[in-house]
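Residue numbers (our numbering): 450 to 737.
What follows is one structure encoded as structure tokens, with my remarks underneath.
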Amino acid sequence: MPRKVKSGLIQMSLPMTEGEGTMKEIMQSMIAKHIPYIEEAGKQGVQILCLQEIFSTPYFCPGQDSKWYETAESVPGPTTDLMATYAKKYNMVIIVPIYEKEQAGVLYNTAAVIDADGTYLGKYRKNHIPHTNGFWEKFFFKPGNLGYPVFQTKYAKIGVYICYDRHFPDGARVLGLNGAEIVYNPSATVAGLSEYLWKLEQPAHAAANGYFMGCINRVGEEKPWDLGKFYGQSYFVDPRGQIFAEASRDDDELLVAEFDLDLIDEVRSTWQFYRDRRPETYGKITEL
């Protein structure tokens with residue numbers, strides 16, 4: 450019997466930003482803007498839904514202002530608890546990317562995974578942290594320390610890779626070795642230097658590792674940083690590396706697609722990358 454899964458991705462622009470409200474009001478406005486889309490996903494029968502990187506705040510990393518530290522919260526915590534109510538209401542797995550505060554001064558770029566019954570399954574912490582013009586993330590986030598976990602949800606085994614992680618094939622391979630059937634990459638990336646990589650790297654990861662990917666990007670421009678335009682184009686890609694569903698470049702959107710996880714076995718039975726890999730020859734990769 451086919452193992453069909455219906456999945457959704459939400460790409461969203463910012464409704465309120467710095468100078469237009471308090472930190473709490475900015476977060477509340479972003480969460481409130483997502484709720485109708487989450488509800489719509491549930492009504493459409495989406496089984497696994499993923500939101501964008503640090504979905505409840507602006508992408509504040511073009512600056513280095515410590516006041517944004519106050520938007521970090523515990524995981525699990527109030528926002529994941531809220532999302533759990535929608536997961537349970539619609540029998541829908543939700544991946545919730547959020548700014549995490551483990552303790553004072555210990556902050557991570559994190560994605561929580563909530564199962565279809567509202568159970569918190571665990572989290573992934575972004576491992577690769579950029580620190581370059583416009584992306585001063587080391588000012589805000591510690592590198593992840595939880596490895597590359599894969600979560601057995603009601604519908605599929607899923608992994609998470611966050612934004613800049615996508616430039617590193619090593620973690621993408623580990624997610625496959627850990628059993629991921631679908632890998633979600635919530636992102637915040639703007640037009641310019643790396644745009645051509647958006648539809649190159651992740652299809653390559655999907656093909657090299659024989660799994661599906663759901664890739665999410667913001668839309669619009671965010672003041673006062675003027676980093677550039679987040680160009681959306683969230684998409685799903687299959688284990689052959691083929692993009693089979695894509696969102697717009699400019700609009701807030703819920704992208705929904707249905708796919709058959711049995712394709713993973715079919716593809717891996719043709720391309721025997723897991724059989725033919727030679728880890729004993731790759732020692733150079735782990736040399737410091």
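For glycine and all other residues, C-beta sits at the position ideal for the given N, C-alpha and C.
| task | Indicate whether the contact test is met: 3 or more Cβ pairs, each with one atom in the stretch 506–513 and one in the stretch 529–541, closer than 8 Å. | result | no
| request: Less than 8 Å between the CB atoms is what I'm expecting for M465 and I480, so what's the real figure, rounded? | output: Looking up residue 465 in the sequence shown gives position 16. Looking up residue 480 in the sequence shown gives position 31. Wrong, their Cβ atoms sit about 11 Å apart, outside the cutoff.
| field | Contained alpha helix (DSSP H) runs [length at least 4] in the stretch 613–673, N- to C-terminal order | value | 618–626, 644–647, 650–658
| query | How about R622 and G659: do their beta carbons lie closer than 8 Å? | reply | Along the sequence shown, one-based indexing puts residue 622 at 173. Along the sequence shown, one-based indexing puts residue 659 at 210. Result no, Cβ atoms of R622 and G659 do not sit closer than 8 Å.
| Alpha carbon to alpha carbon, how far is T638 from R667? | For the purposes of this step, residue 638 is identified with residue 189 of the sequence shown, where counting begins at 1. For the purposes of this step, residue 667 is identified with residue 218 of the sequence shown, where counting begins at 1. So the alpha carbons of these two residues sit roughly 7 Å apart.
| message | What would DSSP say about L556, mapped onto helix, strand or coil? | response | Along the sequence shown, read from residue 1 onward, the residue named residue 556 stands at position 107. Looking at L556 - three-state DSSP - the assignment turns out to be strand.
| Proximal residues to I487 (C-beta, below 6 Å), its chain only, five neighbours per side dropped | Locating residue 487 in the sequence shown gives position 38, where the first residue counts as 1. Within the same chain, I487 has close Cβ partners Y535.
| Per DSSP, what kind of secondary structure is P546 in: helix, strand or coil? | Working through the sequence shown from its first residue, we reach residue 546 at position 97. Reduced to three states, the DSSP call for P546 is strand.
| query | Among the residues of its own chain, which have a CB less than 7 Å from the CB of K591, if the five just before and after it don't count? | reply | The sequence position of residue 591 within the sequence shown is 142, counting from 1. Counting only Cβ-Cβ distances below 7 Å, and skipping sequence neighbours, we find V555, L556, Y557.
| query | Is the beta carbon of E502 less than 8 Å from the beta carbon of P635? | reply | Position 53 of the sequence shown, counted from the start, is the residue given in the question as residue 502. Position 186 of the sequence shown, counted from the start, is the residue given in the question as residue 635. It is a contact, given that the beta carbons lie within the stated cut-off.
| query | Would you call T528 buried or exposed, if buried means 16 or more other Cβ atoms sit within 10 Å of its Cβ? | reply | Mapped onto the sequence shown, residue 528 falls at position 79. T528 should be labelled buried.
| said: Here's the rule I'm using: 16 or more other beta-carbon atoms within 10 Å means buried, otherwise exposed. How should A521 be labelled? | reply: Looking up residue 521 in the sequence shown gives position 72. A521 should be labelled buried.
| query | For the putative contact between V524 and Y573, defined by C-beta atoms under 8 Å, what is the C-beta separation to the nearest angstrom? | reply | The residue labelled residue 524 in the question sits at position 75 within the sequence shown. The residue labelled residue 573 in the question sits at position 124 within the sequence shown. So it is not a contact: roughly 10 Å between Cβ atoms.
| query | Where K733 and Y645 are concerned, what is the direct C-alpha to C-alpha distance, given to the nearest angstrom? | reply | Counting from 1 along the sequence shown, the entry for residue 733 is found at position 284. Counting from 1 along the sequence shown, the entry for residue 645 is found at position 196. The straight-line gap from Cα to Cα measures roughly 29 Å.
| Distance, G593 Cα to H580 Cα | To locate residue 580, count along the sequence shown from 1; it is residue 131. To locate residue 593, count along the sequence shown from 1; it is residue 144. Going by the C-alpha atoms only, they are around 15 Å apart.
| query | Taking the alpha-carbon positions, what's the I665 to F722 distance? | reply | The residue labelled residue 665 in the question sits at position 216 within the sequence shown. The residue labelled residue 722 in the question sits at position 273 within the sequence shown. Approximately 26 Å between the Cα atoms of the pair.
| So, are the CB atoms of A605 and I459 less than 8 Å apart? | In the sequence shown, the residue the question calls residue 605 occupies position 156. In the sequence shown, the residue the question calls residue 459 occupies position 10. No, these two residues do not count as a Cβ contact at 8 Å.
| task | Give the C-beta separation of G494 and K455 to the nearest angstrom, bearing in mind that I take them to be a contact with Cβ-Cβ under 8 Å. | result | Along the sequence shown, one-based indexing puts residue 494 at 45. Along the sequence shown, one-based indexing puts residue 455 at 6. The beta-carbon separation of G494 and K455, rounded to 6 Å, stays under the 8 Å limit for a contact.
| message | Rounding to the nearest angstrom, what Cα-Cα distance links F588 and D711 in this structure? | response | As a working mapping, residue 588 is identified with position 139 in the sequence shown. As a working mapping, residue 711 is identified with position 262 in the sequence shown. Distance between the alpha carbons of F588 and D711: 42 Å.
| By the 10 Å Cβ neighbour count, where 16 or more other Cβ atoms means buried, how is F504 classified, buried or exposed? | Here residue 504 refers to the residue found at position 55 of the sequence shown. Buried.
| request: Could you give the DSSP three-state label for R574: helix, strand or coil? | output: Sequence index remark: in the sequence shown, residue 574 carries index 125 (1-based). DSSP places R574 in strand when its eight states are reduced to three.
| task | Using a threshold of 8 Å, state whether the C-beta atoms of I631 and F661 are closer than that. | result | Locating residue 631 in the sequence shown gives position 182, where the first residue counts as 1. Locating residue 661 in the sequence shown gives position 212, where the first residue counts as 1. Against a cut-off of 8 Å, the Cβ pair of F661 and I631 comes out as a contact.
| For I497, the first and last residue of its enclosing beta strand (DSSP E) | As a working mapping, residue 497 is identified with position 48 in the sequence shown. Start and end: 497–499.
| message | What would DSSP say about Q601, mapped onto helix, strand or coil? | response | Your numbering for residue 601 matches position 152 in the sequence shown. Q601 falls in the strand class under three-state DSSP.
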